Amino acid sequence: MTSGPWAIEVDGLRKSYGAHEAVRGISFNVRRGEVFGLLGPNGAGKTTTIEILEGYRDRTAGHVAVLGMDPADRSAALRAGVGIVLQSCGFYAHLTPREAVEHWAGMYPAPRDPAEVLALAGLEEAADRRTRTLSGGQQRRLDFALALVGDPELIFLDEPTVGFDPAARRAAWDVVRSLRDLGKTVVLTTHYLDEAQALADRVAIVKDGRILAEGPPSELGAAAPRYRVAYRVDGAPPVDVETDDPTAVLHEATAAALARGQRLEDLVVARPSLEEVYLELTGP
Amino acid sequence: MTDAALEPLRTAGAQRARGGAWLRAAWRQYRLERRMFWRNPSAAFFNFLLPLLFLVLFGALYADEADLLEVIVPGIAGMSVVAATFSTLAYNLTYLRERGILKRIRGTPMPSSAYLAAIAGHAVTNTALQVGIITAAGALVFGVDWPRDWAAMAVFVVVGVVCFAALGVALSHVIPNFESAPAYVNAAFLPMLVISGVFYEDEDAPRFLSALAEILPLKHLVDGLAGAMVDGEGIATHWAALLVLVLWGVAGAAFAVRGFSWDARRS
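Those protein sequences? They're chains A and B, same order as listed.
Sequence positions in the first sequence follow numbering that gives the first Met the number 0 and run 0 to 283.
Sequence positions in the second sequence follow numbering that gives the first Met the number 0 and run 0 to 266.
In structure tokens form, the structure reads like this:
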């Protein structure tokens with residue numbers, strides 16, 4: 000493997016299906032050891048992008064390097080260094096998770112211990128049941144386990160928690176966090192904002208095959224120029240204003256309130272959240 | 000020796016190591032396919048009990064007619080070849096493709112060719128077991144003679160396996176989803192089975208049906224097997240039948256390779 004700082008380099012990536020252009024010139028880099036999120040609505044081009052990086056699809060144009068290799072070559076070395084959790088993917092119904100993980104371990108040159116992987120994925124209790132009797136959440140854990148057992152350096156997660164109940168979601172998030180603690184690079188796609196905010200070190204917001212904004216979730220909001228100031232004064236309708244200069248607004252409001260001997264109730268000074276940025280960027 | 004002089008040796012060593020890894024990967028996958036097969040009762044039933052059941056039923060029907068019994072044993076052996084390769088591969092590959100298992104396998108370092116070889120080896124094992132069981136049951140239970148020309152029989156089984164395996168993979172490309180797989184498989188298999196003289200002497204069939212059977216491969220497999228097993232006729236007598244099987248196999252293989260998809264169809 001190469002030892003450069005980037006696990007993934009994407010420059011000017013394009014993908015067309017006939018006349019339809021699903022990816023229209025996407026560029027981004029992913030640092031080693033980072034959790035990178037591709038956030039966007041359904042049909043934005045996230046899955047197409049990630050499947051090109053995984054080597055499942057050819058690209059129409061652009062430069063792509065994954066662990067220093069071109070995924071289109073589908074080299075065994077690259078597939079050994081990458082773990083993939085696909086959006087919906089079946090299992091061998093007549094195997095147990097333990098058997099499946101042990102079989103998968105044999106496909107890789109330097110696998111992790113299958114028992115340890117089952118524990119990491121939270122599958123110890125279900126390890127010896129037939130796969131077809133597992134719940135949806137447990138099947139997703141098995142997806143993780145099969146992607147991890149080869150001890151990959153880089154892990155792709157395509158919409159890892161779609162259809163999960165809140166508890167299963169938290170459990171999946173914990174697995175992603177433990178991957179980061181192991182020093183893995185993680186690239187995930189999601190259309191859930193809170194998921195990107197909770198997991199990703201950096202996020203790229205994708206819509207219509209283009210990246211609209213990119214950065215750490217906390218700074219994506221900060222990059223927006225406007226602030227929101229809201230408060231309420233007894234006997235008056237609530238105030239909620241957007242401004243480029245909150246200092247002046249606050250100064251006037253507090254001075255007026257003090258002069259009248261009143262208090263500003265429920266005072267909020269906020270920069271737009273990732274959610275507001277996202278909705279503004281991806282809205283119609 | 001200089002470094003440059005060692006280079007060819009290193010390359011040869013690396014190639015041998017890769018070859019060894021390929022064989023190991025294919026063998027592990029083959030073992031897994033065998034284990035999963037025996038855990039699936041319906042697969043085991045359709046592959047082993049059903050041909051035997053056919054043999055028993057027709058054996059009872061034709062109990063007094065030795066001539067007809069001699070038709071039935073090679074006919075059911077031919078049917079077993081088709082069931083274990085054509086039907087099973089079309090059905091299983093559609094399942095594996097639509098459930099995303101092919102795609103998952105594709106994302107691992109296992110060589111695709113090793114995986115496909117394991118799947119094919121699994122089907123070949125089932126065919127060999129079935130043909131063996133049918134031949135033995137015919138001789139031991141129904142008193143039909145043991146095959147007269149083992150070599151010719153083996154040639155027809157091997158060519159039949161390759162031909163129908165290729166056609167089964169090709170058929171899986173046409174099947175749009177797993178729910179419709181049984182319909183496609185049976186629509187191809189059952190009529191061919193009925194018109195190809197598996198269960199009767201096909202001289203009695205109406206002309207247009209026997210003409211159709213002449214075009215399809217199963218009749219030629221059954222003819223070749225009957226020639227080898229019953230009449231002791233070698234390849235020389237049935238070279239035309241062999242040729243038809245080879246042609247179907249080549250066409251099937253071309254289509255099987257061209258249309259192969261690791262990814263589920265988008266509904």
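Cβ atoms here follow ideal geometry from the backbone N, Cα and C, with glycine treated the same way.
Small disclaimer: the values here were computed from a predicted structure and weren't measured.
**Item:** Length at least 3, wholly inside the stretch 22-92 of chain A: the beta strand (DSSP E) runs in chain order
**Value:** 34-38, 60-65 and 81-84
**Asked** What residues in the stretch 92-107 of chain B have a beta carbon less than 9 Å from any beta carbon of chain A?
**Response** Tyr-94, Leu-95, Glu-97, Arg-98, Gly-99, Ile-100, Lys-102, Arg-103, Ile-104, Arg-105, Gly-106 and Thr-107
**Asked** Taking contact to mean at least 3 C-beta pairs separated by less than 8 Å, is the stretch 208-223 of chain B in contact with the stretch 72-91 of chain B?
**Response** yes
**Asked** Helix, strand or coil: how does DSSP classify Ala-11(B) here?
**Response** helix
**Item:** Short Cβ contact (7 Å threshold) for Ala-167(A) with Pro-159(A)
**Value:** no
**Request:** Using a Cβ-Cβ cut-off of less than 9 Å, give me the residues of the stretch 177-196 of chain A that come near chain B, in sequence order.
**Result:** none
**Item:** Cut-off 6 Å between Cβ atoms - residues of its own chain near Ile-174(B), not counting five sequence neighbours on either side
**Value:** Thr-93, Ala-180 and Tyr-183
**Item:** For Ala-65(B) and Tyr-269(B), the rounded distance between their alpha carbons
**Value:** Residue coverage of chain B in this structure runs from 0 to 266, which leaves residue 269(B) outside it and unanswerable.
**Request:** List the DSSP bridge partners of Tyr-226(A).
**Result:** Thr-242(A)
**Message:** In the DSSP output, which residue or residues are listed as bridge partners for Ala-269(A)?
**Reply:** Arg-227(A)
**Message:** Residues of the stretch 96-121 of chain A in Cβ contact with chain B at a cutoff of 9 Å, in chain order, please.
**Reply:** Glu-98, His-102, Trp-103, Gly-105, Met-106, Tyr-107 and Pro-108
**Touch test, the stretch 56-72 of chain A against the stretch 32-40 of chain A, Cβ-Cβ under 8 Å, three pairs minimum** = no
**Prompt:** CA-CA distance, Leu-128(B) and Val-197(B)?
**Reply:** 19 Å
**Prompt:** Exposed or buried, which one is Gln-14(B) when buried takes at least 16 other CB atoms within 10 Å?
**Reply:** exposed
**Asked** Taking Cβ to Cβ, would you say Leu-187(A) is nearer than 7 Å to Leu-211(A)?
**Response** no
**Where the alpha helix (DSSP H) through Phe-53(B) begins and ends** = 49-60
**Asked** In three-state DSSP terms, what is Trp-5(A)?
**Response** strand
**Asked** Applying the criterion that 16 or more other CB atoms from any shown protein chain within 10 Å of the CB defines a buried residue, is Ser-266(B) buried or exposed?
**Response** Bear in mind that a pLDDT of 46 at Ser-266(B), under 50, signals an unreliable position, so the model cannot answer this.
**Asked** When you compare only the Cα positions, how much space is there between Asp-233(A) and Arg-259(A)?
**Response** 11 Å
**Request:** If I'm right that Leu-153(A) touches Arg-140(A) with Cβ under 8 Å, what's the distance once you round it to whole angstroms?
**Result:** Contact doesn't hold; Cβ gap of about 20 Å is too wide.
**Item:** 7 Å Cβ cut-off: residues of chain B touching Gly-89(A)
**Value:** Arg-98, Gly-99 and Ile-100
**Asked** Do Ala-255(B) and Val-168(B) have their CB atoms nearer than 7 Å?
**Response** yes
**Request:** Would you list, in chain order, the members of the stretch 2-35 of chain A that have their beta-carbon closer than 9 Å to a beta-carbon of chain B?
**Result:** none
**Asked** To the nearest angstrom, how far is it from the Cα of Asp-262(B) to the Cα of Gly-142(B)?
**Response** 49 Å
**Request:** Would you mind reading off the limits of the beta strand (DSSP E) that contains Val-186(A)?
**Result:** 184-189
**Prompt:** For Asn-274(B), is the classification buried or exposed, using 16 other Cβ atoms within 10 angstroms of its Cβ as the cut-off for buried?
**Reply:** The requested residue 274(B) does not occur in the structure, where chain B is confined to residues 0 to 266.
**Prompt:** Is there a Cβ from chain A that is less than 7 Å from the Cβ of Arg-27(B)?
**Reply:** yes
**Asked** Using a Cβ-Cβ distance under 7 Å, would Leu-88(B) count as near chain A?
**Response** no
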